Amino acid sequence: MPEALLAERPVPASAAPLLSVDDLEGWYGESHVLHGVGFDVKPGEVVTLLGRNGAGKTTTLRAIIGILGRRRGSVTVKGVEAIAMPSRLIARLGVGYVPEERGIFASLTVAENLTLPPQVKPGGLTLKQIYELFPNLEERAGSQGTKLSGGEQQMLAIGRILRTGAKLLLLDEPTEGLAPVIVEQIGRTLRMLKTEGFTILLVEQNFRFAQTVADRHVVIEQGRVIDTIPNADLDANLGKLKTYLGV
Amino acid sequence: MATLFGVPLQALSGQLLLGLINGSFYAILSLGLAVIFGLLNIINFAHGAQYMMGAFVAWMLLNYAGVGYWPALLIAPVFVGLSGVLLERVLIARLYKLDHLYGLLLTFGVALIVQGLFRNHFGASGLPYAIPAELSGGHRLPFMFLPTYRGWVVVASLAVCLATWLAIEKTKLGAYLRAATENPALVQAFGVNVPLLLTLTYGFGVALAGFAGVLAAPVLSVNPNMGADIIIVVFAVVVIGGMGSILGAIVTGFGLGVVEGLVKVFYPEGSATVIFVIMALVLLVKPAGLFGRTA
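So the protein lines, in turn, are chains A and B.
In this text, residue positions in the first sequence follow our numbering: the first is 1, and each later residue adds one.
In this text, residue positions in the second sequence follow our numbering: the first is 248, and each later residue adds one.
What follows is the structure in structure tokens.
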């Protein structure tokens, strides 16, 4: 890992939120899925959305980036109201999105996938830095994107938004279905990104993994935020959390 | 005289060339349809009318403005492409959320209107367009006589098909197009202006039709119905190649032109229907088309 990437950057404790979600409602077709979700993410924070299957975690991310059919309420990025914006303009506010299904394009090579998202802000990682972070991607640069293993596809999905200069990353279950050693590598990457000053909103099913990377956990149930647990208090609240998640 | 399977070689190569020329038009037209269908999910029934417009714009440039073939080869596709951009912005863009059928009905209606307007104004008998001086005459090859213009049609359309294929497969813009064909919502969520990409792609596909129209003007007569005649065959070509497949459109376009030519030699009665028979067979064996990907 390059030295420069690991240089610690202080995060102001009482900064204005980078992402603020308020009274967010969302629909899939006719079905009303989000019922007034609200939470903040401060610059440099890593926040997870925890909750059962179907609680509305993925839908919340989709509503933030603007690819949900219908949404209402408020989503502000750096104070800019984004609820009425098309997703391409939300991305241009400096938001990078990794969808749950990873969204690797089969008709593009690994290198093409990696360089597809346009730069939205200055200061993104260079291709060289991304290859240093994920050496597998460089070895397979010419392969078809979907020929990669699940773990490599996840690295590709994360790597390609690091190039864009987006400093707010929305990651939808980056560890889902991956081998423990790969999960560990992704955890290291997220911690490195945090020290680099990236702000991350992470959807997770696996709170044990979330515990290793996050500052705070926002618990979602039936399209509402029902609790927020600071990472330091996670162990003390384990019983409550297990009830929430039904594990 | 040399013969092959009892057919004079001269007749055989003559029909092969004719087949290649028809194949050139099939290839460019089905390529445009494939690009449009791939990204926009619109079955562009106006494609034949836009091909006809290309030929008419070249004819009008020559007869009203004294602009010759070579500039027309560039101006007419740009003009027809711009008309496509307008059509996409004003009408087609409203249909993306609806079923494919609506796009088909809209473009079919537009085709009827455009053809009707040209028929009213120019009549249905066809207008002549002279072969440019540089490409008139021909070459006597050992086995046949090759009219220069016909050779040019094959070379020019091959070059345009190849350039289009390279642009789609090897450039950044092509990568956007391929990615947006797969997952437009995600490409948009990366900050790419997908609606603009759709407009440009439609304009480009239509410009290809306009280019084919200019190429056709000197060999076929410039006629309001020229597009309606060819478009049915071109749709069969697209179905055989596989909806949305770029390479499929090019290869099947040329291939079926040649097959049609060969059938004209060996079984002339079948030449008008052979492509549809092949289409039926392909649909039975490989419903997604020869080069199509099943979802």
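Glycine is no exception: its CB is placed at the ideal position from the N, C-alpha and C atoms.
This one's a predicted model, so the numbers in the text were calculated from it and none came from an experiment.
I need the straight-line Cα distance from residue i to residue j, nearest angstrom please.
i, j, result
"Gly145 of chain A", "Val521 of chain B", "39 Å"
"Val439 of chain B", "Val529 of chain B", "37 Å"
"Phe326 of chain B", "Ala293 of chain B", "15 Å"
"Asn288 of chain B", "Gly452 of chain B", "13 Å"
"Leu193 of chain A", "Leu169 of chain A", "10 Å"
"Ala236 of chain A", "Pro86 of chain A", "41 Å"
"Phe458 of chain B", "His347 of chain B", "26 Å"
"Ala232 of chain A", "Leu345 of chain B", "50 Å"
"Ala312 of chain B", "Gly301 of chain B", "16 Å"
"Leu444 of chain B", "Ala456 of chain B", "19 Å"
"Ile415 of chain B", "Ile226 of chain A", "48 Å"
"Trp306 of chain B", "Ala141 of chain A", "49 Å"
"Glu8 of chain A", "Thr195 of chain A", "Annotation note: pLDDT 45 at Glu8 of chain A (below 50); position unreliable, coordinate value reported separately. Their backbone Cα atoms lie some 5 Å apart in a straight line."
"Ala535 of chain B", "Phe523 of chain B", "16 Å"
"Pro10 of chain A", "Met155 of chain A", "Its pLDDT being 48, under 50, Pro10 of chain A is placed unreliably in this model, and the value from its coordinates should be taken loosely. Taking the straight line from one Cα to the other gives about 26 Å."
"Leu405 of chain B", "Gly328 of chain B", "20 Å"
"Gly285 of chain B", "Pro318 of chain B", "30 Å"
Residue i CB to nearest chain B CB: under 8 Å?
i, result
"Ala15 of chain A", "no"
"Ala157 of chain A", "no"
"Ser31 of chain A", "no"
"Ser149 of chain A", "no"
"Phe105 of chain A", "yes"
"Leu18 of chain A", "no"
"Tyr28 of chain A", "no"
"Pro174 of chain A", "no"
"Pro99 of chain A", "yes"
Check whether the Cβ of residue i lies closer than 8 Å to any Cβ atom in chain A.
i, result
"Asn440 of chain B", "yes"
"Ala542 of chain B", "Caution is warranted here: a pLDDT of 46 is assigned to Ala542 of chain B, below 50, making its placement in the model unreliable, and the coordinate value is therefore given only provisionally. False, the Cβ-Cβ gap to chain A never drops below 8 Å."
"Glu429 of chain B", "yes"
"Ala436 of chain B", "yes"
"Ala426 of chain B", "yes"
"Ala340 of chain B", "no"
"Leu420 of chain B", "no"
"Leu263 of chain B", "no"
"Ala414 of chain B", "no"
"Leu364 of chain B", "no"
"Ala281 of chain B", "no"
"Ala432 of chain B", "yes"
"Leu382 of chain B", "no"
Rounded C-beta distance between residue i and residue j? I'm assuming under 8 Å.
i, j, result
"Val213 of chain A", "Phe39 of chain A", "Between Phe39 of chain A and Val213 of chain A the Cβ distance is about 17 Å, and since that is not below 8 Å, they are no contact."
"Leu494 of chain B", "Trp412 of chain B", "7 Å"
"Gln297 of chain B", "Gly270 of chain B", "That pair is no contact at about 20 Å."
"Val75 of chain A", "Val21 of chain A", "5 Å"
"Met490 of chain B", "Gly421 of chain B", "About 19 Å; that fails the 8 Å criterion."
"Ile283 of chain B", "Tyr449 of chain B", "6 Å"
"Thr60 of chain A", "Ile220 of chain A", "7 Å"
"Thr228 of chain A", "Leu18 of chain A", "At roughly 17 Å, the Cβ-Cβ gap does not stay under 8 Å, so Thr228 of chain A and Leu18 of chain A are not in contact."
"Lys121 of chain A", "Gly66 of chain A", "With 8 Å as the limit, Lys121 of chain A and Gly66 of chain A do not qualify as a contact, their Cβ atoms being about 17 Å apart."
Can you find the residues in the same chain that come closer than 8 Å, C-beta to C-beta, to residue i, ignoring five residues on each side of it along the sequence?
i, result
"Gly103 of chain A", "Ala157"
"Gly210 of chain B", "As shown, chain B starts at 248 and ends at 542. That puts residue 210 of chain B outside it, with no answer to give."
"Arg163 of chain A", "Leu114, Thr115, Pro117, Gln119, Gly124, Leu125, Thr126, Leu127, Ile130"
"Ile161 of chain A", "Gly96, Tyr97, Val98, Pro117, Leu169"
"Leu178 of chain A", "Gly150, Gly151, Gln154, Ile186"
Which residues in the same chain have their Cβ closer than 7 Å to the Cβ of residue i, if we skip the five residues on either side of it in sequence?
i, result
"Gly295 of chain B", "Ala358, Gly474, Ala475, Ile477, Ile478"
"Tyr273 of chain B", "Val480, Val481, Val484, Gly500, Leu503, Gly504"
"Asn206 of chain A", "Thr175"
"Leu93 of chain A", "Val77, Lys78, Val80, Ala82"
"Leu338 of chain B", "Leu353"
"Pro237 of chain B", "Summary: the structure shown does not reach residue 237 of chain B, with chain B confined to residues 248 through 542, and so no result is reported for it."
Any heavy atom of the ligand NAP within a distance shorter than 7 Å of the CB on residue i?
i, result
"Leu405 of chain B", "The ligand NAP is not part of the structure shown, which contains no ligands of any sort."
Excluding the 5 residues preceding and the 5 following residue i in the sequence, name in chain order all residues of the same chain whose CB lies nearer than 6 Å to its CB.
i, result
"Ile543 of chain B", "Any property of residue 543 of chain B remains undetermined from this structure, which presents chain B solely from 248 to 542."
"Leu320 of chain B", "Val461"
"Met1 of chain A", "For Met1 of chain A, the pLDDT reaches just 44, beneath the cut-off of 50, and the residue's location in the model is therefore unreliable, leaving the point undetermined."
"Ala4 of chain A", "Bear in mind that the predicted position of Ala4 of chain A carries a pLDDT of just 48, short of 50, making it too unreliable to give a figure here."
"Gly223 of chain A", "Val33, Leu34, His35, Gly56"
"Ala323 of chain B", "Gly301, Val304, Ala305, Gly457, Val461"
"Ala542 of chain B", "Per-residue confidence for Ala542 of chain B stands at a pLDDT of 46, beneath the threshold of 50, marking its modelled position as unreliable; the derived number appears in the next sentence. Excluding positions up to five away in sequence, the list is empty."
"Glu100 of chain A", "Thr58, Asp172, Glu173"
Residues within the region 107-122 of chain A neighbouring chain B, beta-carbon criterion of under 7 Å: Ser107, Leu108, Glu112, Leu116, Pro117, Pro118, Val120
Chain-ordered residues of the region 121-147 of chain A with a beta carbon less than 8 Å from chain B: none
Interfacial residues, the region 40-69 of chain A to chain B, with Cβ spacing under 8 Å: Ile65, Gly66, Ile67
Contact residues within the region 206-218 of chain A, judged by C-beta distance below 7 Å to chain B: none
Selection of the region 75-91 of chain A by Cβ proximity to chain B, strictly under 9 Å: Pro86, Ser87, Arg88, Leu89, Ile90, Ala91
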